[in-house]
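The number in my numbering is simply the position in the sequence shown, starting from 1, with 66 added. For reference, the structure is listed below as structure tokens.
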Amino acid sequence: MTDPVRIAVTGAAGQIGYALLFRIASGAMLGKDQPIELKLLEIPPAMDALRGVVMEVEDCAFPLVRNVVTTDQPEVAFEGADVAMLVGSRPRGPGMERKDLLEANGAIFTQQGKALNDHAAKHVKVLVVGNPANTNCLIAQNNAPDLDPANFTAMTKLDHNRAIAQLARQVGGVVEDIDGLAIWGNHSSTMFPDLIGATVKGKPALENVSQSWYEDEYIPSIQQRGAAIIAARGSSSAASAANAAVEHVREWIAGSDAVTSMGIRSSGQYGIEEGVIFSYPVTVSNGAYNVAENRELNDFARSKIETTEVELIKERDAVAHLL
Ligand code: NAX
């Protein structure tokens, strides 16, 4: 057995945290041979709830869990962290506008970015789940000047999984039939689920479905899936979000030949504004992701991608004072 990997999770007593910690502790993320140390961050009012969650983790007697640290100090949670999963964020309260939400989360992700910079391992892999995920990630990354910007990612894997599952259902197939699908842009209702580069059993996906289904049903359904879950369940997606977070980190570390989607710092690929955290089609090998650069984009795709890019630029401009 190797040394434990240190995994920091913020918002650990929340809904997603409750689904996530047990998956990580069981070995679903880093494998059944990799011991782990959990470093759990919460805000003071949630520390009692977090204590209860940790009691449950203990009660599972997971063989891989070597230590669990709980704290309300980011500096403690991120000390020596190899992986940091930033799930906690400030939800939108009554009367709060988007700019208020960006501002409230800006303060959190500024502090957490600085703490990662000063305390995490230099190779730390950071996944931001807490919304607005792309811009929170941008803020954290910009406040961590000593870390490689490529270490910071935002989660669009849930959108990616939703897009695969809904396409598979529509064509009467299974998820393994689908390849090359990607989510572009922001984790928001402007995201673009791209079937143009996707295949079903090796044949172009758009030969299996009609253009009108794609444009009028599929894209809005993926973009609004989070809201549909809230309407049906009374609370937002948690288990599926935790599953996506586990898969995002697993693929980032273990690699993936199949195309997946990750929000990453744009270096200008496909003409996207440099520096924003943008979801691209990527493949992953040796712990590094690479943007799939040779995709054909038609005018329809380009206009969808531009819409989500414009939104991200506006979000970036709204938090410019924090960057
Ligand atoms: P919950 O409100 O259940 O839990 C959030 C937890 O974060 C709470 O326990 C809270 O005390 C804690 N927290 C707040 N500020 C903190 C801080 N400064 N440091 C540490 N902890 C802090 O929300 P949950 O359903 O778990 O969702 C968490 C976040 O994920 C939300 O922002 C949500 O919008 C976002 N999501 C992102 C998704 C994605 O695909 N990127 C999908 C699922 C989810 O909606």
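Each residue gets a CB set at the ideal place from its N, CA and C atoms; glycine is no exception. None of these values were measured; they are calculated from a predicted model.
**Message:** Would the segment 152 to 167 count as touching the segment 74 to 94 if we require 3 or more Cβ pairs under 8 Å?
**Reply:** yes
**Request:** State the beta-bridge partners of Ile248 as determined by DSSP.
**Result:** The sequence given here has Ala at residue 248, not Ile. Ala248 is bridged by DSSP to Asp260.
**Message:** For the ligand NAX, I want to know if Pro157 counts as a neighbour, meaning its beta carbon is within less than 7 Å of at least one of the ligand's heavy atoms.
**Reply:** Checking the Cβ of Pro157 against the ligand NAX gives yes.
**Item:** Contact the segment 344 to 357 vs the segment 289 to 307: 3+ CB pairs below 8 Å
**Value:** no
**Message:** In whole angstroms, give me the CA-to-CA distance for Met257 and Pro111.
**Reply:** 34 Å
**Message:** Assuming the contact rule is C-beta atoms closer than 8 Å, Leu193 and Thr176 should be a hit. Round their C-beta distance to whole Å, please.
**Reply:** The Cβ separation is near 18 Å, so there is no contact.
**Prompt:** Is DSSP giving Thr201 helix, strand or coil here?
**Reply:** helix
**Item:** Alpha-carbon to alpha-carbon, Met121 and Arg361
**Value:** 48 Å
**Asked** Would you report the Cα separation of Ile262 and Leu247, rounded to the nearest angstrom?
**Response** 8 Å
**Prompt:** Secondary structure at Ser255, three-state DSSP: helix, strand or coil?
**Reply:** coil
**Message:** I'd like to confirm something about Leu224: is its beta-carbon nearer than 7 Å to some heavy atom of the ligand NAX, or not?
**Reply:** yes
**Message:** Quick check on DSSP: helix, strand or coil for Asn352?
**Reply:** coil
**Cβ neighbour criterion (16 or more within 10 Å) applied to Gln178** = buried
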